[in-house]
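Have a look at the structure below, then the notes.
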Amino acid sequence: MISCNEAPENNLQTTSAIPIKGTWKLLTGTLIEKGDTLVTDYTKDRSFIKIINDSHFSFLSHTLRKDTTDFSAGGGAYSLNGNNYTEQLEYCSAKEWEGHDFSFTVTITGDTLVQSGVEKIEAQGINRINIEKYIRLKN
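Going left to right, the sequence shown walks through residues 1182 to 1320 as our numbering numbers them.
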């Protein structure tokens, strides 16, 4: 009788976890660096998606303009502890970004994910706040 009343351990983890798995389309990206703020609208000339499964993430980005080929991609493993999301970037079209971890705070409200944190790569002189707003894509 006692075992019938116990919730399976992984059910507790599933119900308390942020529903981060899925395909996400980037709407806006805000970079704050050295007092300057740059906001990019990803609904106009660019398309950027992030795909997150049980253990890995990937991203794909390209221009929507026909006169140029601007493409970037990357991915790797990630960890999620509460709303603390850390990407371990293993693959990237910008090779200098590979091998770095990036920690973010994530919040999900309805179908909107907001990810914010500091991107820092000392060797490249990169130290900036990155805030990204995504919408979940439907199947």
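A virtual CB, placed ideally from N, CA and C, is assigned to each residue, including glycine.
With distances taken between CB atoms, is the gap from residue i to residue j smaller than 8 Å?
i       : j       : result
Ala1254 : Ser1274 : yes
Arg1317 : Trp1205 : yes
Thr1224 : Leu1208 : yes
Ile1233 : Gly1280 : no
Thr1250 : Asp1226 : no
Glu1268 : Asp1282 : yes
In its own chain, which residues sit with a C-beta less than 6 Å from the C-beta of residue i, not counting the 5 before and 5 after it?
i       : result
Asp1292 : Ile1316 and Arg1317
Lys1301 : Asn1308
Ile1266 : Here the sequence assigns Tyr to residue 1266, which means Ile is not the residue at that position. For Tyr1266, where only same-chain residues beyond five positions count, the Cβ hits under 6 Å are Phe1285 and Val1287.
Lys1314 : Leu1208, Thr1209 and Val1295
Among the candidates the options, whose CA atom is the shortest distance from the CA of residue i?
i       : options                               : result
Gln1337 : Lys1231, Thr1288 and Ile1302          : The chain is shown only over 1182 to 1320; residue 1337 falls outside these bounds and no answer can be derived.
Ser1284 : Lys1276, Asn1262, Arg1246 and Asn1234 : Asn1262
Gly1298 : Val1220, Leu1212, Gly1256 and His1237 : Leu1212
Ser1239 : Tyr1266, Asp1248 and Leu1270          : Leu1270
Trp1278 : Ile1230, Ile1312, Ala1304 and Val1220 : Ala1304
Ser1242 : Glu1214, Gly1210 and Lys1319          : Gly1210
Using only the alpha-carbon positions, how far apart do residue i and residue j sit?
i       : j       : result
Asn1264 : Thr1286 : 6 Å
Gly1216 : Ser1260 : 30 Å
Ile1312 : Phe1229 : 14 Å
Gly1127 : Asp1222 : One cannot answer for residue 1127 here, as it falls past the ends of the chain, which runs 1182 to 1320.
Arg1246 : Tyr1272 : 25 Å
Asp1235 : Ala1198 : 12 Å
Val1220 : Lys1276 : 24 Å
Ile1201 : Glu1214 : 27 Å
Phe1252 : Lys1319 : 24 Å
Is there at least one non-hydrogen atom of the ligand ATP closer than 7 Å to the beta-carbon of residue i?
i       : result
Gly1257 : Annotation note on the ligand ATP: not contained in the displayed structure, which lists no ligands.
Ordered along the chain, which non-local residues of its own chain (more than five positions away) have a Cβ less than 7 Å from that of residue i?
i       : result
His1237 : Gly1256, Gly1257, Ala1258 and Tyr1259
Under DSSP, the beta strand (DSSP E) around residue i begins and ends at which residues?
i       : result
Ala1254 : Phe1252 to Asn1262
Leu1208 : Gly1203 to Glu1214
Arg1317 : Ile1307 to Arg1317
Asp1282 : His1281 to Thr1290
Lys1231 : Arg1227 to Ile1233
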